[in-house]
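These protein sequence lines map, in sequence, to chains F and D. With our numbering applied, the first sequence closes on residue 538, and no number is skipped along the way. With our numbering applied, the second sequence closes on residue 358, and no number is skipped along the way. Quick notes on the structure that follows.
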Amino acid sequence: MVAELLRLKVRLLFNALRERNSAVWTVIGLLLAGLGIVGLWAGARAAVALDDVTRGRVVVIVSVMLALGAFVVPLVVTRAPSLDPRALPLFGMRTSGIAGAVLLTTLVGPALLFVPIAIAPLSLWTGPAADSATRAIPLIIVEGVFAALLGVVVGSALRHRPAASVLVRVVAAALLLAGFVLLVAQLAPVIAEHLPGSWWHVTLSVVLALAPLRDPRISEALDGTPIGALWRAPLHQSEGRADLAQQDFGIAVLVIAVLAGVWFATLVYALRPTRRIQRERAALVPGRFRVLPSTPLGAVAARSFIYWARDPRYRVVFLVLPVVPVVTLLAMYIGGIPWGISVLVPLPLVVMLLTWSTLHNDVAYDSTAVWAHLAAQTRGVDDRIGRMLPTLAVGAPVVVVGTALTTWATGNVFMAPAIFGMSAAVLLGGIGISSLFSARFPYPATRPGDDPFLQPQVPGVSGGGVQVGSILLTFLVAAPAIAACVFYVNRVPGPWNWVSLLAGCLAGLLVMVVGIRVGGATFDRRAPELLEFATQH
Amino acid sequence: MDPDRDLTPSGRSGPGGRSTAARPGAVRRGSGSVATRTSVVPPPPIEKPSPVASTEVARIPKASQAVGRTTRPTAQPGVASGIALSVHDLTKRFGGVTAVDSVDLEIPAGTFYGFVGPNGAGKTTTLSMITGLLRPDHGVVKIHGVDVWRNPAVAKRALGILPDQLRLFDRLTGAEFLHHAGALRGLDRDTVAHRVDDLSAAFGLRYSLERFVSDYSAGMVKKIAIAAAMIHSPRLLVLDEPFESVDPVSTVAVIGILEKYAAAGGTVLLSSHSMGLIERTCDSVAIIADGRMLAAGPIAEVLRGETLETRFVELAGGATAVEGMEWLQSFSD
């Protein structure tokens with residue numbers, strides 16, 4: 002049985018080399034692992050020359066990185082367990098037998114890499130510390146194997162959750178990077194000594210910049226964690242703290258027990274008897290519809306959010322948006338307008354473009370699909386609010402972040418209310434005006450599925466007047482706020498920045514409410530005409 | 026379109042197709058699922074009335090009169106009495122052309138009603154006006170006694186529609202599309218989830234729910250649109266060309282669902298070019314040509330012993346077009 006399993010495992014390992022793609026990755030992985038091991042060995046040898054304090058900190062950081070790496074690297078690299086435990090119950094094995102089989106077969110494979118890694122510290126330590134390091138070797142391998150097994154379990158579970166998987170990868174990369182930065186920070190003074198003297202001003206500034214990271218509290222905090230305690234046992238031994246070294250071994254045994262327990266629990270869970278649940282698939286409510294209420298308004302909003310994400314006609318505006326501030330600032334710089342003024346312009350413009358371009362002709366974007374609203378006699382107000390929610394959801398953060406950035410650029414905190422007032426007026430007012438216009442004055446839009454940069458091929462009607470009109474009206478809503486802001490910038494006495502905030506928010510809210518109400522009523526009245534319009538264009 | 030596109034994208038159901046016509050296995054499976062599933066689909070028409078009445082009275086006080094009239098006769102379960110659809114003097118002109126000319130139609134509840142006519146006869150225009158999509162110039166449409174154009178909110182609750190030639194929100198997945206339809210009708214989430222499950226099983230769309238509707242074949246698009254039209258369990262279904270480009274197996278399945286629905290008191294009005302299909306499945310039939318209703322009533326009365334095709338050509342006067350064009354019989358080379 003054992004021989005059979007091991008043969009199977011070896012066969013699986015070599016099969017990975019038969020397929021071109023996976024063979025390439027296997028070779029790359031092995032090369033990287035080899036390089037890492039060589040680096041670790043060389044590092045351990047080199048660390049002998051370090052002073053005690055630096056060596057201690059380096060060992061602490063490396064210990065945590067290695068112990069975490071045993072879990073994280075398999076988690077990120079794995080795609081599926083090479084010998085899935087769920088394949089084994091079919092051969093009449095019980096859970097304990099399967100656990101043994103998985104452990105045994107794991108030892109043959111990438112887990113072998115733990116052996117040279119665990120041996121590396123031997124070249125660093127001498128005397129009693131070396132004894133301690135020797136005793137740690139088998140425990141390090143066992144701990145690594147269990148951590149890696151858990152990593153594989155988590156990693157293969159994450160394959161079904163792409164979003165979480167990406168997040169985990171980002172966190173893993175960040176951790177790795179943080180570890181390396183910490184390591185370099187500790188070693189920076191030592192490295193600086195070996196660099197040519199002519200570079201001194203660069204090296205000095207780098208060493209000084211990294212000084213906060215050499216704070217002893219960091220390594221002390223890391224030393225206090227149970228992660229990688231085994232690697233630190235020889236360190237504590239060499240510092241003459243035999244009790245700490247003993248404690249490290251105790252912690253390590255505990256950690257191994259916990260890891261093994263958790264791993265066994267996941268194994269039991271994976272091996273649980275499953276019944277095919279007939280209704281499970283369809284009973285799942287698709288994403289947006291789970292979040293938003295199951296009402297007509299919620300339906301329109303969910304559909305709008307989905308279209309914002311999937312329909313290039315909505316996405317195209319996000320390609321243009323980042324360019325707008327750059328172009329306007331450049332144009333005004335060339336035009337000789339002072340920075341203090343020109344910096345105020347991009348934010349309202351960006352908010353304007355975002356709100357207006359996505360909303361003011363939204364019904365025409367639906368084309369004839371708008372019949373669904375008509376068939377259900379969706380109330381116009383529901384339709385208007387549902388359509389504007391994505392705009393608000395994207396626009397509000399833009400206003401907040403943009404206000405912060407613009408304020409920072411002006412260097413005057415008291416500009417913030419005025420900037421916020423102006424952009425809020427444009428956002429809310431734009432929503433109101435556009436909600437009204439899309440129900441009352443639709444004009445031919447790019448059809449669903451067409452290139453978003455194409456103009457619709459409809460003779461006669463262009464909608465130019467509607468575009469200009471809706472833009473002008475939106476700026477009219479913002480006019481009081483802009484005027485107050487101009488007063489403030491020109492140092493007219495009075496709290497004009499707060500006036501701008503108030504005027505902008507009030508005018509914006511008022512126009513939004515009125516626009517949605519009137520637009521909704523228009524939609525109620527003209528829905529069949531909207532469909533007829535869509536049929537004709 | 027490639028028949029394989031009807032299959033599940035992940036290949037979970039193996040190489041077998043659900044809605045491909047050629048497989049005997051698929052036939053059995055399709056009709057089998059109808060037999061088991063449809064028993065779940067039709068009851069909704071019966072359980073509907075009380076929520077309609079209560080919410081509508083609350084929302085639109087003015088409509089209470091109409092509500093009283095609509096809901097009372099249908100309140101007792103199982104018995105669908107009265108007139109499901111009555112159309113009077115319906116007229117629509119486009120410019121100088123009269124597309125629909127003073128059409129009258131009355132459909133008793135529980136009827137499977139066919140609507141036939143040559144191309145350009147005004148079928149779609151009539152159905153669009155009946156369903157509240159196209160404003161008529163003249164005339165009255167009442168669904169279970171409620172005027173579609175005066176009191177659309179109430180009338181459209183009892184109405185499920187499949188328009189022809191109109192787009193769908195096809196960037197949604199199948200599941201999203203049905204949830205959208207259900208939520209638009211104000212159904213709560215659990216009800217929608219339950220009905221999506223039933224409908225997708227009945228229409229053989231279960232393994233396509235996670236694909237975009239834009240990736241569906243033409244027949245699947247029709248099926249999911251019919252499913253969406255049914256999700257709020259309407260009393261009247263108006264389906265414009267429901268079987269265009271739907272494969273025979275699915276057609277049989279859908280007709281099975283519709284027949285059960287009609288048997289439970291629901292009313293179906295469908296248009297089709299397929300005379301044989303209308304003749305086989307419908308209780309009653311209306312024939313329209315040049316915007317005028319030529320004949321309407323129980324199928325036996327309209328046909329007078331002939332086949333629908335003959336009767337249709339006879340009434341619509343298509344035979345004259347065959348005359349002339351003698352030049353086509355003397356070839357030019």
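From the three backbone atoms N, C-alpha and C, an ideal C-beta is built for every residue, glycine too.
The beta-carbon separation of L6 (chain F) and L105 (chain F), rounded to 6 Å, stays under the 8 Å limit for a contact. Proximity to A243 (chain D) across D:G121, D:F268 and D:H257 peaks at D:F268, based on C-alpha coordinates. Nearest to A310 (chain F) by alpha-carbon distance, out of F:P391, F:N362, F:V116 and F:R233, is F:P391.
Annotation for A243 (chain F): no residue places its beta carbon closer than 6 Å to its own, counting only its chain and skipping 5 residues before and after.
Among the residues of chain F, those whose CB is under 8 Å from the CB of D213 (chain D) are S295, following chain order. Counting C-beta pairs with one atom in each stretch, the segment 372-379 of chain F and the segment 295-302 of chain F have three or more that are closer than 8 Å, which means they touch. Residues A186 and A189 of the same chain have their beta carbon placed closer than 6 Å to that of L211 (chain F), with the five preceding and five following residues left out of the count. Neighbours of H538 (chain F) in chain D, taken as residues at a C-beta separation under 7 Å, are lacking, since the least C-beta distance is about 12 Å. Identification of chain F residues near F194 (chain D) by a Cβ-Cβ cut-off of 7 Å yields R304, A370 and A373, ordered along the chain. Inter-residue distance for R95 (chain F) and R162 (chain F) is about 30 Å (C-alpha atoms, whole angstroms). With contacts defined as CB atoms closer than 8 Å, L193 (chain D) and A370 (chain F) qualify as a contacting pair. DSSP places H374 (chain F) within a helical segment (H, G or I) once states are collapsed to three.
The beta-carbon of V286 (chain F) is placed less than 8 Å from the nearest beta-carbon of chain D. In the three-state DSSP reduction, P323 (chain D) falls in the strand class (E or B).
Within chain D, the residues R196 have their CB atoms less than 7 Å from the CB of Y308 (chain F), given in chain order. Residues of the same chain with a CB within less than 7 Å of the CB of T151 (chain D), apart from the 5 flanking positions on each side, are L115, V125, V128 and I313 in chain order. Residues of chain F with a Cβ closer than 7 Å to the Cβ of P177 (chain D) are, in chain order, Q378. Within chain D, the residues whose beta carbon sits less than 7 Å from that of F290 (chain F) are E201, H204 and A208, listed in sequence order. With 16 or more other Cβ atoms inside 10 Å of its own Cβ, M154 (chain D) counts as buried.
Closest in alpha carbon position to P122 (chain F), among F:L84, F:L184 and F:I38, is F:I38. DSSP places H113 (chain D) inside the beta strand (DSSP E), whose first and last residues are I108 to F119.
Distances from the CA of W499 (chain F) to each of F:L76, F:P418 and F:G509 were compared; the closest alpha carbon is that of F:P418.
Note that the segment 360-367 of chain F does not touch the segment 326-342 of chain F; fewer than 3 beta-carbon pairs, one per stretch, sit closer than 8 Å. In this structure, D:K248 is the residue among D:A287, D:K248, D:D189 and D:L110 with its C-alpha nearest to the C-alpha of L230 (chain D).
Per DSSP, the unbroken alpha helix (DSSP H) holding A148 (chain F) starts and ends at P129 to L159. Residues of the segment 214-231 of chain D with a C-beta less than 7 Å from any C-beta of chain F: R214, V217, A218, V221, D222, S225 and R231, listed in chain order. The Cβ of P133 (chain D) sits no closer than 8 Å to any Cβ of chain F. Relative to the Cα of F202 (chain D), the nearest Cα in the group D:S233, D:A178 and D:A180 belongs to D:S233. Within the segment 510-529 of chain F, the residues whose Cβ lies closer than 7 Å to some Cβ of chain D are P529, listed in chain order.
Among the residues facing chain F, L159 (chain D) is included, as its CB has a counterpart in that chain under 8 Å away. In this structure, the straight-line span from the alpha carbon of I132 (chain D) to that of A254 (chain D) is close to 19 Å. Neighbours of D312 (chain F) across chain D, judged by C-beta separation under 8 Å: R196.
Burial check for W409 (chain F): the Cβ neighbour count within 10 Å stays below 16, so the residue is exposed. Annotation: W357 (chain F) to Q537 (chain F) spans about 24 Å, alpha carbon to alpha carbon. Annotation: E144 (chain F) has no Cβ neighbours in chain D at a cutoff of 8 Å; minimum Cβ distance is about 38 Å.
Residue burial is scored here from C-beta neighbours: I251 (chain D) has at least 16 other C-beta atoms within 10 angstroms and is therefore classed as buried.
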